[in-house]
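What follows is one structure encoded as structure tokens, with my remarks underneath.
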Amino acid sequence: MDTDVPSPTLILFARGLLARFELWPALRIAVHQNWGGPQSAQKQRWLAGVITDEFEASLPPPFASLTALDSYRPAPIHPSHTLPEPDTEYIEAMLLQIMDDEFEVALEDESAFDVARDVLRLWNDAKEGKDGYVKDLEMQVEQMKGKMPRYEDESGSDSEDYGKEVVPQLLDHAKKAPETDEDGFTIVKRKGGR
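Position 148 of the sequence shown, counted from 1, bears residue number 148 in the UniProt record's numbering, the numbering being contiguous throughout.
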């Protein structure tokens, strides 16, 4: 009987990835705007699967399953046959490449690094069986449901980015309205002092 049931570590890790990707503003906007085509939401889940596979490849293989006919326990495969565990830079590069290839988004912020750092934290917590961070992320996703992602559209033309969407920064604050005097003229103030 061959059962491919994922380990609790991988299940916890995948839950954390799905939640973290839901909270990533650049990916949320790309999915909401269908920059990856009509399958944008599926691509988001696929991305979580790709990252999970990268980390799963770093785990030592499990023992071969025993059946009623087996009278011996096979030796485990040596851990040196596994791939090295991905690091932050590798995951960041993967995220940037996938965002570019699948959503035609060239990220100009540091968000991919932040997500990669969180991915490593999720992996380390999952290996130790800690689910606090995953539950926190899932709670944030639940609180955010139904809210539309907001962003600024910076219309500029860079020849090297022609044909690619550039993910704009999210709005953090409202712009202050310019001050006007009693005659209706805009008051200009100097920013630096001498």
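Positions of the beta carbon are idealized from the N, C-alpha and C atoms, including for glycine.
Pop quiz: S58 and P86 are said to be a contact at Cβ under 8 Å. What is the actual Cβ separation, rounded to whole angstroms?
About 7 Å separates the beta carbons of S58 and P86, which is inside the 8 Å limit, making them a contact pair.
Indicate whether the contact test is met: 3 or more Cβ pairs, each with one atom in the segment 12–20 and one in the segment 48–56, closer than 8 Å.
Cβ pair count under 8 Å is three or more, so yes.
Please name the residue, chosen from D101, M99, L95, D136, that lies closest to R117 on a Cα-to-Cα basis.
Answer by Cα proximity: L95.
Could you check which residue in T88, A19, S7, Q39 has the C-alpha nearest to that of Y133?
Nearest C-alpha to Y133: A19.
Within 10 Å of its beta-carbon, does H173 have 16 or more other beta-carbons around it, so buried, or fewer, so exposed?
Only weak support exists for where H173 lies, its pLDDT of 47 falling under 50; the coordinates are left without a value.
Could you tell me the alpha carbon to alpha carbon distance between D131 and L122, rounded to whole angstroms?
Straight-line Cα distance between these residues: approximately 9 Å.
Where does V188 land, buried or exposed, given buried means 16+ other C-beta within 10 angstroms?
Its Cβ having fewer than 16 others within 10 Å, V188 is exposed.
Return the bridge partner residues of T186 from the DSSP annotation.
Secondary-structure assignment with DSSP links T186 through a beta bridge to T180.
Could you tell me the distance, in whole angstroms, from the CA atom of E92 to the CA atom of A48?
In this structure, the alpha-carbon of E92 lies about 13 Å from that of A48.
Report yes if the CB atom of L137 is closer than 8 Å to the CB atom of L10, and no otherwise.
No, these two residues do not count as a Cβ contact at 8 Å.
How about the segment 106–117 and the segment 31–45: do they share at least three Cβ pairs that are nearer than 8 Å?
No: the two stretches stay apart, fewer than three of their Cβ pairs being nearer than 8 Å.
Verify whether the separation of the beta carbon atoms of W35 and F103 is less than 8 Å.
Yes, Cβ-Cβ distance for W35 and F103 is below 8 Å.
Whole angstroms are fine: how far does the CA of Q44 sit from the CA of P38?
The C-alpha of Q44 is placed about 12 Å away from the C-alpha of P38.
For residue 270 and Q97, I'd like the C-alpha separation in whole angstroms.
Residue 270 is absent from the model: the chain starts at 1 and stops at 194.
Can you give me the C-alpha to C-alpha distance between P60 and L83, rounded to a whole angstrom?
When rounded, the distance between both Cα atoms is 9 Å.
Counting along the chain, where does the alpha helix (DSSP H) carrying M144 start and finish?
For M144, the enclosing alpha helix (DSSP H) covers residues 132–144.
In this structure, how does DSSP classify A75 when only helix, strand and coil are distinguished?
Annotation note: pLDDT 43 at A75 (below 50); position unreliable, no value reported.
Proximity winner among E142, A126, K135, V141, relative to P8 (alpha-carbon distances):
Proximity to P8 across E142, A126, K135, V141 peaks at A126, based on C-alpha coordinates.
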